[in-house]
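Reading through the structure tokens given below for one structure.
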Amino acid sequence: MVVNLNPRVVSFHYTLTNAKGEKLESSFGNEPLMFLEGSGQIIPGLEEAIKALKTGDKKTITVPAAEAYGEVEPEMVVEVPKEKLPKKDVAVGDQFHADAGDGHAQVVHVTKVTETHVTIDGNHPLAGQDLTFEVEIDSTREATQEELSHGHAHGPGGHNH
Ligand code: ZN
């Protein structure tokens, strides 16, 4: 494992498209996305490619599903009796936080509703998809001690305390 002794705070713009070429998201025209290297704020495959870039660089980065939001895991799809849900009024497409069992909250979305049961899917909506990012590095700087101890970037586009 390579340890980066001087992590950077990187701001970048991106346009995200899926394997079908559909545009899913773009930050161009809005605030750039900012992250602290090594903190797990962005998907691993993207961070790995950005490591080699500096301010002003543009690059098209294709990240396979496994290094993006992971493969679709069938066991993450579960059918729950309606009475076990915190609220009764659910519809296909609803998202909510569920207890992942390890104390962490996990975002799940509803994929099916019947008279008695609701099917919820804990896979990320982009799981199983190869993603392409067109990135442009807006700025980079060395992380401050405070950011390193907090494990996230501060300032516009980052954490505000
Ligand atoms: Zn902080």
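Each number in my numbering corresponds to the 1-based position in the sequence shown with 45 added.
Ideal Cβ positions, reconstructed from N, Cα and C, are used throughout, including at glycine.
For this session: Kindly indicate which three-state DSSP category I182 falls into: helix, strand or coil?
Result: Looking up residue 182 in the sequence shown gives position 137. In this structure, I182 counts as strand in the three-state DSSP scheme.
Exercise. In three-state terms, what does DSSP make of E192?
Worked result: Residue numbering aside, residue 192 sits at position 147 when the sequence shown is read from its first letter. Correct three-state label for E192: helix.
Problem set entry | Three or more C-beta pairs below 8 angstroms linking the region 148-155 and the region 127-140 | yes
Problem set entry | Per-residue DSSP class, three states only, for I88 | Counted from its first residue, the sequence shown places residue 88 at position 43. Coil, per DSSP.
Problem set entry | Short Cβ contact (8 angstroms threshold) for A64 with Q190 | Counting from 1 along the sequence shown, the entry for residue 64 is found at position 19. Counting from 1 along the sequence shown, the entry for residue 190 is found at position 145. No. Outside cutoff.
For this session: Identify whether A110 lies in helix, strand or coil by the three-state DSSP scheme.
Result: Here residue 110 is taken as the residue at index 65 of the sequence shown, counted from 1. In the structure shown, A110 sits in a helix (DSSP, three-state: H, G or I).
Exercise. With distances taken between CB atoms, is the gap from A111 to L176 smaller than 8 angstroms?
Worked result: For the purposes of this step, residue 111 is identified with residue 66 of the sequence shown, where counting begins at 1. For the purposes of this step, residue 176 is identified with residue 131 of the sequence shown, where counting begins at 1. Contact: no.
Exercise. Does the region 84-101 come close enough to the region 180-200 to have 3 or more Cβ pairs within less than 8 angstroms?
Worked result: yes
For this session: Evaluate the contact criterion for the region 79-87 versus the region 194-202: three or more CB pairs, one atom per stretch, below 8 angstroms.
Result: yes
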